[in-house]
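Okay, so here's the structure we're looking at.
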Amino acid sequence: MSKLYSGAEIVFKCLEDQEVEFIFGYPGGAVLPIYDELKNHSSIKHILVRHEQGAGHAAEGYARSSGKPGIVLVTSGPGATNVVTALTDAYMDSVPLICISGQVPTHLIGTDAFQECDTTGITRPCTKHNWLVKDIKDLPKILHEAFEVATTGRPGPVLVDIPKDIQFAKTNYSKPKKIKKVNGKSHNKFTQNEINELINLISKAKKPMIYTGGGVINSGPKASEALREFVRLVGFPITSTLQGLGAFPGDDNQFIGMLGMHGTYEANNAMHDCDLLINIGARFDDRITGKIDEFSPKSKKVHIDIDPSSINKIIKVDLAIVGDVNEVLKSTIKKINQKQNGIKVSNKQKISKWWEQIQKWREKDSLGFINSDKTIKPQHAVQRLYELTKSQDTFITTEVGQHQMWAAQHYKFNKPNRWMTSGGLGTMGYGLPAAVGVQIAHPDKLVIDIAGEASVLMTMQEMSTAVQYNLPIKIFVLNNQYMGMVRQWQELLHEKNYSESYSEALPDFVKLAEAYGCKGIKASNPQELDEKIKEMIDHKGPVIFDCQVDPNENCFPMIPSGKPHNQMILGPNDKEENKITGKGKALV
Amino acid sequence: MANPKSAYSIPTKKGKPDTHIIVVWVDNEAGVLARVVGLFSGRGYNIESLAVAEIDAAKNISRITIVTTGTPQVIDQIKLQLKKLVPVHKVADFKREDKKVIFKEMALLKVVGKKKKIEKCLKACKTYNPVILDKSSKSVVIQITALRREIDKMSKKLKSLGLISTSRTGAIAMTRGADVFK
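Heads up: the protein sequence lines correspond to chains A and B, in order.
The first sequence maps to residues 1 to 588 in the numbering used here.
The second sequence maps to residues 1 to 182 in the numbering used here.
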């Protein structure tokens, strides 16, 4: 007989075999046996958060910035329900998470026991798959399968619910086997014909456009390299979704900015007018497409995605290639190089007119804003932050709202995995705990959460985690005292009825930082901004930076709802009368 | 007209909805039906009827048959989303008017009344393979197998003849000929 292990031991043996280094979690009654076992496994470090949602987002930040799955450990009942937001967030943005939750003992399931909830029922729609372990013999297999499901195909969160008696029960342990693909759910079976067809379309295009998304990031750093090679080879203009930023260098001339609701004028107009649209690892999200009927009406559309259900879900495409972005790009590049002469020369000439048109759109300078020497403009703050941090390898997380869009527009990313933001679910409060996770994965790198004062208060308690583990994260709060994006919509669409979007009684962020035991810095005018930012960067510990910005600034350009890409609202620079002066303030 | 205040785009023109029979082969494990049904309700797909039972005890496989309506795009999504579920092995999709596929539904009909009325009932059911499962002096329980719309018609017709209770299964499907769906 081989040795018998308890369920709790098996959890750790499995984590060790999967080379897990960090767990983000919070203890409680139903996971105590697992927490008891923690001391025997020195290769695994537990990060104690202050709220289970924080554990989830921290694990997301860890996963996004490192390419490894994030591990979450929570207790039953409220522990599990608190992590639901983070699981849903990870599901929407395809982040691999393995969440292990405790459950009441099997004989109490269904009796409304203390801290009991139907965890697998609640998390079924927000995970790729979940398991309730009812028999200790199934535990090793389930845990290994959980890693397999979370990290293969289109990645996503999974949950394993382990009742307390199962954590005590004993069985044999088996190492992970090379599992035969789960029900044949591997999706990397594109054909050479499809690649040939793609190349055929590429060689014919006069107004081509490449539109990339988070799938490139998820496909790994190699995919970003392949993308760069591919884009330079064909010479096409490239745009990216919010999640795809960094896959292609943001300061490269071929990159024409982010597209979508707050994308650049040139990117959105190019999307509308192009004759060939190559979607690489993006999903035609509604923040991207605008009005579906008038989405890129003149183009042939190609969609490269690992998830077959993404194809034709929203936009019908002419050529679908189901596969891993890296593999598809590599084989396309190979093919192009084989018949190099055909494409490389002729096509770049054919599209020179297209580039001229794009250049004209670029001259609009749609990200421009009217700067001020009295108040700090939020765009200016992000630009200064970028200029002062671009010399080092910086990781940026964000919360959700105006500041997120300004960060996406004005901070230029040159590498993948440097940009962590909640795109699909739009979770306010994501950035701070995500920064915790990023800093855990990259202890020596500069990690900044570009935040809004409303969002950051939703998960502010995680500052305590940052202080406990001495994680020098920088929380750069663009403080405009409003839920800025809500205020912007109310100004533009609801006759400036600023219903409940002003935050009265905001805390003093400098004192708050001091209360948490970290450093607080406040900047209230443009003259002191640079110096204060430098002070933040140079400080060795965590910092909360209260950047007092113009409360009335709006985020432009913008595609209003129900409008196609070529009907954008541009910023005040472009308007004859400057509509957006501080009138809103009087209404507060 | 579009609501100009919406933060979302307005619904665009839709294709014509069609009735499809979706057959799903799944691992017979706890929660699998909830996964399939939850996918339908969560994504706003429609379920007209549902039939499920284990079909292979050794391999632990259940077969779920779902009748649904949707535009071609929605039906495509249903199939692709179902295939993503971990316990799902394969998914078949048949159109209701497909001649190569047999669809059947079973109904139990309880009729209470005098002998004459009961006989009338049995006569009316004749084309739908009626089987008498229970009989007393003033009642009868009849089993019929037929298409959904035929059973609809029958239960309407028998109302006046003393039908007091109806119990129906969802539709199940099988291809004709020697081939099986792979």
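Ideal Cβ positions, reconstructed from N, Cα and C, are used throughout, including at glycine.
These numbers come from a predicted model, not from an experiment.
Every unbroken beta strand (DSSP E) inside the region 6-46 of chain A [3 residues or more]: Listed in chain order, they are 22-25.
If distances are taken between C-alpha atoms only, which option among 291(A), 313(A), 277(A), 47(A) comes closest to residue 298(A)? 277(A)
Excluding the 5 residues flanking residue 77(A) on each side, which residues of the same chain have their C-beta closer than 7 Å to its C-beta? 115, 116, 117
Classify residue 129(A): buried if its beta carbon has 16 or more other beta carbons within 10 angstroms, exposed otherwise. So residue 129(A) ends up on the buried side.
Taking the beta carbon of residue 393(A) as the centre, do at least 16 other beta carbons fall within 10 Å, making it buried, or is it exposed? Residue burial is scored here from C-beta neighbours: residue 393(A) has fewer than 16 other C-beta atoms within 10 angstroms and is therefore classed as exposed.
For residue 381(A), count neighbouring C-beta atoms within 10 Å of its own C-beta (all shown protein chains included) and say buried if the count is 16 or more, exposed if not. buried
Can you tell me whether residue 4(A) is buried or exposed, with buried defined as 16 or more other CB within 10 angstroms of its CB? exposed
Quick one: which unbroken alpha helix (DSSP H) runs of 4-plus residues sit fully inside the region 292-380 of chain A? Chain order, please. 325-338, 340-350, 352-362
Could you check how far apart the C-beta atoms of residue 142(A) and residue 133(A) are, in whole angstroms? I think they sit under 8 Å. 6 Å
Hey, would you say residue 483(A) sits closer than 8 Å to residue 464(A), going by beta carbons? no
Whole runs of the beta strand (DSSP E) within the region 115-143 of chain B, excluding any shorter than 3 residues: Entirely contained in the region 115-143 of chain B, the beta strand (DSSP E) runs reaching 3 residues are, in chain order, 131-135.
Positions along the region 80-103 of chain B whose CB lies within less than 8 Å of some CB in chain A: 80, 81, 83, 84, 85, 86, 87, 88, 89
Of the residues 418(A), 63(A), 273(A), which one's Cα is nearest the Cα of residue 447(A)? 418(A)
Counting contacts by CB-CB distance shorter than 8 Å, is residue 313(A) in contact with chain B? Using beta-carbon distances, residue 313(A) counts as an interface residue toward chain B, with a partner under 8 Å.
Please confirm whether residue 420(A) and residue 389(A) have their CB atoms less than 8 Å apart. No, the Cβ-Cβ distance between residue 420(A) and residue 389(A) is not below 8 Å.
Could you compute how far the alpha carbon of residue 6(A) sits from the alpha carbon of residue 36(A)? 12 Å
Can you tell me where the alpha helix (DSSP H) with residue 534(A) in it begins and where it stops? 526-538
Residue of 148(B), 109(B), 74(B), 66(B) minimising C-alpha distance to residue 139(B): Nearest C-alpha to residue 139(B): 109(B).
On the DSSP letters alone, give me the boundaries of the alpha helix (DSSP H) that residue 491(A) sits inside. Where residue 491(A) is concerned, the enclosing alpha helix (DSSP H) stretches over 484-493.
Own chain residues within Cβ distance below 8 Å of residue 184(A), not counting five before or after: In this predicted model, residue 184(A) has a pLDDT of only 47, less than 50, meaning its place in the structure is not dependable enough to derive any value.
May I ask you to list the residues that DSSP assigns as paired with residue 77(B)? None, per the DSSP bridge assignment.
The alpha helix (DSSP H) spanning residue 147(A) covers which residue range? 139-151
Who pairs with residue 110(A) in a beta bridge, going by DSSP? Residue 110(A) is bridged by DSSP to nothing; it lacks a bridge partner.
Pick from 252(A), 85(A), 317(A) that is closest to residue 229(A), judged by C-alpha positions: 252(A)
Any contact of the region 29-46 of chain A with the region 352-372 of chain A, i.e. 3+ C-beta pairs under 8 Å? Contact between the region 29-46 of chain A and the region 352-372 of chain A is absent, because fewer than three Cβ pairs lie under 8 Å.
C-alpha gap between residue 489(A) and residue 431(A), whole angstroms: 22 Å
Pick helix, strand or coil for residue 120(A), following the three-state DSSP scheme. helix
Cβ contact check for the region 188-204 of chain A and the region 220-227 of chain A: 3 or more pairs under 8 Å: no
Which of the three DSSP states, helix, strand or coil, is assigned to residue 2(A)? coil
Pick from 56(B), 25(B), 123(B) that is closest to residue 83(B), judged by C-alpha positions: 25(B)
Residues that residue 34(B) contacts on chain A, provided the C-beta gap is smaller than 8 Å: What residue 34(B) touches in chain A: 121, 124.
Cβ of residue 589(A) within 8 Å of any chain B Cβ: Because chain A in this structure spans residues 1 to 588, residue 589(A) falls outside the shown range and cannot be described.
Please return the same chain residues whose Cβ sits closer than 7 Å to the Cβ of residue 563(A), not counting the five positions on each side in sequence. 290, 291
If we cut at 8 Å on Cβ distances, does residue 149(A) have a partner in chain B? yes
List the residues of chain B whose Cβ lies closer than 8 Å to the Cβ of residue 557(A), in chain order. The premise fails here: residue 557(A) is roughly 16 Å from chain B at the closest Cβ pair, so nothing lies under 8 Å.
The beta strand (DSSP E) spanning residue 417(A) covers which residue range? Looking at the DSSP string, residue 417(A) is not in any beta strand (DSSP E), and its letter there is neither H nor E.
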